[in-house]
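J.: Numbering (the numbering used here), first residue to last: 167 to 913.
All residues carry an ideal CB built from backbone N, CA and C; glycine is no exception.
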Amino acid sequence: MSCPEGDLLVQYVDGLLGPEELTRIDEHLDACASCTQAVFALAESSCSNAGCAQPSWPGARLAHGTRLGQYVVLDVLGSGGMGVIYSAYDPDLDRKVALKLLRPETLDPARPEQARSRMMREAQAMARLSHPNVIHVNHVGLLDEQIFISMELAEGGSLRQWLETRRPWREVLDAFLQAGRGLAAAHSAGIVHRDFKPDNVLLSSGRVFVTDFGLARPAPESQGEPAESPCAASTSASRPTQTRALLGTPRYMAPEQMRGRAFDARADQFSFCVALFEALYGVLPFEGEGLERRRANMLEGRIVRQTPQAPRVPARLRRALLRGLSLKPADRYPSMEPLLDELARAKSPAWRTRRGAAALALALLLANGLAYTLSARRPRLCGGAEQRFAKIWSPERRRLVHRALIAAGVPYAEEIGREVERTLDARATAWIAMQTDACEATRLRGEQTEEILGLRSACLETRLEETHAVIEELLHADRQTAPRAAQAVASLPGLQACAAISGLMTLVRPPASDTARAQLQELRKELVRARAQLEFGKARPAAEAADKVVQAARSLGYKPFEAAALTVLGRAQRLLGDYPAADQTFHAAALAAESGRDDREAAQAYLQLLQLSETSKRSPEVDRFFAIHATAAVERVGPDDELRGELEHGQAVLAYGQAKFAEALSHAKAAIDLFKGSLGPEHHRVADATSFAGSILYEQRDLDQALVFQEEALRLRRLKGPGNPAITSSLINLSNVYFAMGRLAEA
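#1: Please report the distance separating the alpha-carbon of A618 from that of M671.
#2: Which of the three DSSP states, helix, strand or coil, is assigned to Q312?
#3: Assuming R884 is part of the alpha helix (DSSP H), what are its boundary residues?
#4: Do you know offhand how far H642's Cα is from H359's?
#5: For E816, which residues of its own chain have a beta-carbon under 7 Å away from its beta-carbon, when the five flanking residues on both sides are left out?
#6: For I251, which three-state DSSP category applies?
#7: To the nearest angstrom, how far is the alpha carbon of L700 from that of C548?
#8: Buried or exposed, going by whether 16 or more other CB atoms sit within 10 Å of the CB of T461?
#9: Let me know the secondary structure DSSP gives R373 once reduced to three states.
#10: Grab me the residues of S222's own chain with a C-beta within less than 6 Å of its C-beta, minus the 5 sequence neighbours each way, in chain order.
#11: Kindly identify the DSSP beta-bridge partner or partners of Y237.
#12: If you draw a straight line from the alpha carbon of A756 to that of E606, how long is it in whole angstroms?
#13: Who are the Cβ neighbours of F858 in its own chain at under 6 Å, not counting the five residues just before and after it?
#14: According to DSSP, is N304 helix, strand or coil?
#15: Does A825 come out as helix, strand or coil in the three-state DSSP assignment?
#16: From the DSSP output, in three-state form, read off G244 for me.
#17: Alpha carbon to alpha carbon, what distance is there between G323 and P677?
#18: Taking the alpha carbon of L685 as the reference point, which residue from A652, G703, G723, F875 has its own alpha carbon closest?
#19: Between the Cα of R622 and those of L910, S668, L869, spot the shortest distance and give me the residue it belongs to.
#20: Taking the CB atoms as reference points, tell me whether V338 and L446 lie closer together than 9 Å.
#21: Could you give the distance in angstroms between the alpha-carbon of A398 and the alpha-carbon of L491?
#22: Identify every residue that forms a DSSP beta bridge with A264.
#23: Under 6 Å Cβ to Cβ from R554, same chain only, skipping five residues before and after it: list those, please.
#24: Among residues of its own chain, excluding the 5 on either side of V479, which ones have a beta-carbon nearer than 7 Å to its beta-carbon?
#25: Just tell me which of I898, K725, A754, H194 has its CA closest to the CA of R737.
#26: What does the Cβ neighbour count give for E912, buried or exposed, with the cut at 16 atoms within 10 Å?
#27: Identify every residue that forms a DSSP beta bridge with L487.
#28: Classify Q344 as buried or exposed, calling it buried when 16 or more other Cβ atoms lie within 10 Å of its own Cβ.
#29: Measuring straight from C-alpha to C-alpha, what distance separates H194 and G426?
#30: Pair every Cβ in the region 648-666 with every Cβ in the region 709-728, then say whether three or more of these pairs are closer than 8 Å.
#31: For V367, list the residues DSSP reports as bridge partners.
#32: Let me check one thing: in DSSP terms, what residues is S324 bridge-paired to?
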């Protein structure tokens with residue numbers, strides 16, 4: 167075809183062409199350098215264009231001290247194609263925030279209301295996303311037809327600025343791994359960034375934040391100058407603002423995105439890999455002289471070979487980047503998580519040491535003509551984990567559990583059964599993998615001692631017994647216990663403690679005599695049965711059984727186990743409504759755990775005391791004392807996001823009880839994020855923390871946001887099946903919010 171008219175290219179850039187015309191233009195661009203140059207010029211229009219002058223709009227420059235809703239404007243932080251960013255003071259949160267005012271002309275003038283609603287929905291989606299590597303959106307509002315967004319203020323500058331100083335490749339990779347985790351969290355929430363680049367990554371106090379999710383629009387850039395322009399996104403004075411055009415910055419844009427075609431989260435993966443490649447090697451992966459050559463290199467998959475810096479970057483890291491830079495989305499990683507896992511492994515010195523040792527071992531094996539491999543030894547040395555777990559969760563026991571749940575006669579028994587099976591299957595996979603790894607780390611890789619293997623195996627044996635006890639309860643499900651089945655299985659203690667070697671090593675050792683060890687083993691079985699009863703709501707028999715175990719444990723004198731038994735007893739007392747007794751029991755559990763040097767059990771006991779702050783009659787000073795000890799115990803445990811999530815939730819409960827709602831909300835949102843990262847985005851603890859955050863927002867009378875959080879909590883709880891008992895609590899909370907909003911019919 168002959169070169170298309172200029173208006174047709176404008177429509178191509180704006181994404182206004184039909185599939186047939188789009189294909190025709192694509193084919194022409196592949197063969198026409200001048201039209202390719204024209205398309206890039208349109209996409210990267212600079213402020214010298216007549217239509218790119220900074221627009222004049224009310225509030226384009228707000229003076230210091232101006233009130234914008236509840237916020238007091240302080241200073242201008244920056245200006246871009248989407249709007250102006252200010253630092254501001256939020257008296258409700260008693261802290262500085264970043265305020266982004268979106269320019270009215272970024273809306274589609276033909277359909278401003280629809281465009282405004284869409285942008286509000288995207289901003290509200292961001293407000294629901296809570297992750298340590300995503301800039302937190304506090305509030306989304308509308309003032310005089312103008313959208314504004316209140317965000318966390320990150321004062322450490324952008325990743326682009328940080329990279330201006332030459333840094334070791336591991337340090338660079340660490341920063342990008344944090345940013346990648348933020349991207350992954352957004353993708354799991356259904357949000358695609360569309361414009362990932364170092365300018366949209368901020369740093370503050372050692373943390374890395376990704377910003378502008380789902381709100382990014384084309385930012386004009388001159389060749390080699392990636393900084394965002396303060397221009398509007400339109401490319402001529404006469405045509406309307408882009409609403410579907412080439413979303414993103416061309417130098418980091420995925421091929422499918424550049425061509426205006428449909429794209430998904432894998433386009434963000436491509437942009438991430440472009441930015442990391444540039445940060446490590448000092449050049450863009452598809453570097454070329456001019457936009458035309460750069461585009462041609464990308465579409466032909468020509469990646470630069472000679473790079474001016476980072477000669478010691480591992481080959482494995484480069485291979486991971488090259489896969490993420492694949493021309494076809496299907497050839498990239500299926501999501502950000504496996505890419506990040508591979509990058510982290512490439513960074514690990516242990517991997518490179520093992521690789522070298524494996525190569526040497528292989529050479530020795532070949533030299534001696536040996537006809538076996540490590541994989542052949544594995545079944546002999548470290549097999550059997552699958553068979554161990556199959557004794558408690560086999561196809562036959564699966565059928566029996568399913569039959570018991572159906573026979574209980576509760577509504578939605580099929581859905582409950584499917585959720586139970588899914589959770590137990592996942593636990594089986596994780597337990598088998600950890601048991602096998604513990605064995606191989608000692609017997610094959612030589613990375614840990616026999617003593618450590620014994621400690622890890624004992625821990626995993628306890629987790630197996632706990633799982634067995636819950637399955638036994640499932641086999642005897644009735645109308646009262648069946649509705650609790652899915653949550654009971656999901657509440658089983660995690661396996662991460664069995665990999666925390668330092669914590670296992672600090673524990674006081676169990677009794678040495680065979681008699682005492684046998685007695686301890688029997689008591690442990692009784693305790694896991696009591697704990698299983700508790701998870702199914704059988705508080706009275708659980709309390710009686712746990713009390714007997716506590717008395718026997720005290721005579722045995724093994725403090726870590728005594729603490730565990732006291733914690734189960736305290737939980738049963740709390741469920742029975744005997745809060746004073748529960749308070750005393752948890753305090754005794756904390757002291758026993760500290761005496762036995764069991765930091766994890768001490769943390770659990772102090773966290774239970776924090777949860778009781780709503781119902782106890784303790785003084786604020788005593789509550790602060792427990793909070794300090796809980797924090798210290800969690801810190802001693804080390805990296806454990808689930809435990810840290812429980813700490814944040816406990817601190818939220820404490821602050822809520824003291825009417826410190828802004829502080830409570832901050833802790834609650836942190837808990838949501840930590841639970842999502844450690845337990846998965848659909849775990850019941852995520853729903854619990856989300857619901858609690860909604861209750862805090864209700865007390866603050868931020869009813870719009872309270873509604874958002876309570877609706878999300880209800881959505882999560884419904885995922886566990888229509889029979890989930892927690893759904894009733896969510897419906898009550900929603901009714902309260904609707905009533906306060908005056909929406910009586912919905913209430």
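T.: So, from the listed chains and residues:
#1: Reading the sequence shown from its first residue, position 452 is the one you call residue 618. Reading the sequence shown from its first residue, position 505 is the one you call residue 671. In the sequence under discussion, the amino acid at residue 618 is Ile, which differs from the Ala named in the question. In this structure, the straight-line span from the alpha carbon of I618 to that of M671 is close to 8 Å.
#2: Residue mapping note: residue 312 aligns to position 146 of the sequence shown, counting from 1. If DSSP states are grouped into helix, strand and coil, Q312 belongs with the strands.
#3: Mapped onto the sequence shown, residue 884 falls at position 718. Unbroken alpha helix (DSSP H) run through R884: 869-885.
#4: If you number the sequence shown from 1, residue 642 lands on position 476. If you number the sequence shown from 1, residue 359 lands on position 193. Straight-line Cα distance between these residues: approximately 48 Å.
#5: Against the sequence shown, residue 816 aligns to sequence position 650. Correcting the residue type first, residue 816 is Gly in the shown sequence and not Glu. For G816, where only same-chain residues beyond five positions count, the Cβ hits under 7 Å are L773, L776, Q777, A796.
#6: For this step, residue 251 is matched to residue 85 along the sequence shown. Secondary structure at I251: strand, using DSSP grouped into helix, strand and coil.
#7: Position 534 of the sequence shown, counting from 1, holds the residue named residue 700. Position 382 of the sequence shown, counting from 1, holds the residue named residue 548. L700 and C548 have their alpha carbons spaced roughly 35 Å apart.
#8: Looking up residue 461 in the sequence shown gives position 295. Strictly speaking, residue 461 in this sequence is Arg, with Thr absent from that position. When all chains shown are included, R461 counts as buried.
#9: For the purposes of this step, residue 373 is identified with residue 207 of the sequence shown, where counting begins at 1. Strand, per DSSP.
#10: What you label residue 222 is simply residue 56 of the sequence shown in a count that begins at 1. Per-residue confidence for S222 stands at a pLDDT of 39, beneath the threshold of 50, marking its modelled position as unreliable; no derived number is given.
#11: Within the sequence shown, numbered from 1, the residue matching residue 237 stands at position 71. Y237 pairs with L234.
#12: Position 590 of the sequence shown, counting from 1, holds the residue named residue 756. Position 440 of the sequence shown, counting from 1, holds the residue named residue 606. Rounded to the nearest whole angstrom, the CA to CA distance from A756 to E606 is 35 Å.
#13: Taking the sequence shown and counting its residues from 1, one reaches residue 858 at position 692. Excluding residues up to 5 positions away in sequence, A834 lie with their Cβ nearer than 6 Å to the Cβ of F858 in the same chain.
#14: Translated into the one-based positions of the sequence shown, residue 304 becomes position 138. If DSSP states are grouped into helix, strand and coil, N304 belongs with the strands.
#15: Position 659 of the sequence shown, counted from the first residue, corresponds to residue 825. Coil.
#16: Within the sequence shown, residue 244 is the residue found at index 78, counting from 1. Under the three-state reduction of DSSP, G244 is assigned to strand.
#17: Indexing the sequence shown from 1 puts residue 677 at position 511. Indexing the sequence shown from 1 puts residue 323 at position 157. Looking at the two C-alpha atoms, the distance is approximately 56 Å.
#18: Along the sequence shown, one-based indexing puts residue 685 at 519. The residue you asked about is not Leu; residue 685 is Gln in the sequence shown. The shortest Cα separation from Q685 among A652, G703, G723, F875 belongs to G723.
#19: Position 456 of the sequence shown, counting from 1, holds the residue named residue 622. Comparing C-alpha distances from R622 to each of L910, S668, L869 shows the shortest one belongs to S668.
#20: Residue 338 sits at position 172 when you count from the first residue of the sequence shown. Residue 446 sits at position 280 when you count from the first residue of the sequence shown. Yes.
#21: As a first step, residue 398 must be located in the sequence shown, where it is residue number 232. As a first step, residue 491 must be located in the sequence shown, where it is residue number 325. Confidence in A398 is poor, its pLDDT being 31 and thus under 50, which makes the residue's placement too unreliable to answer from.
#22: Here residue 264 refers to the residue found at position 98 of the sequence shown. Answer is S253, M317.
#23: Taking the sequence shown and counting its residues from 1, one reaches residue 554 at position 388. Excluding positions up to five away in sequence, the list is empty.
#24: Taking the sequence shown and counting its residues from 1, the one referred to as residue 479 is at position 313. Same-chain partners within the cutoff: W335, L446.
#25: Translated into the one-based positions of the sequence shown, residue 737 becomes position 571. Answer by Cα proximity: A754.
#26: Taking the sequence shown and counting its residues from 1, one reaches residue 912 at position 746. Label assigned to E912: exposed.
#27: Walking along the sequence shown from the start, residue 487 turns up at place 321. Answer is none; L487 lacks a bridge partner.
#28: Translated into positions along the sequence shown, residue 344 becomes position 178. Q344 should be labelled buried.
#29: Translated into the one-based positions of the sequence shown, residue 194 becomes position 28. Translated into the one-based positions of the sequence shown, residue 426 becomes position 260. About 15 Å.
#30: Segment contact: the region 648-666 against the region 709-728, fewer than three CB-CB distances shorter than 8 Å; contact not assigned.
#31: Within the sequence shown, the letter at position 201 stands for residue 367. Beta-bridge pairing links V367 to V376.
#32: For the purposes of this step, residue 324 is identified with residue 158 of the sequence shown, where counting begins at 1. Answer is L368.
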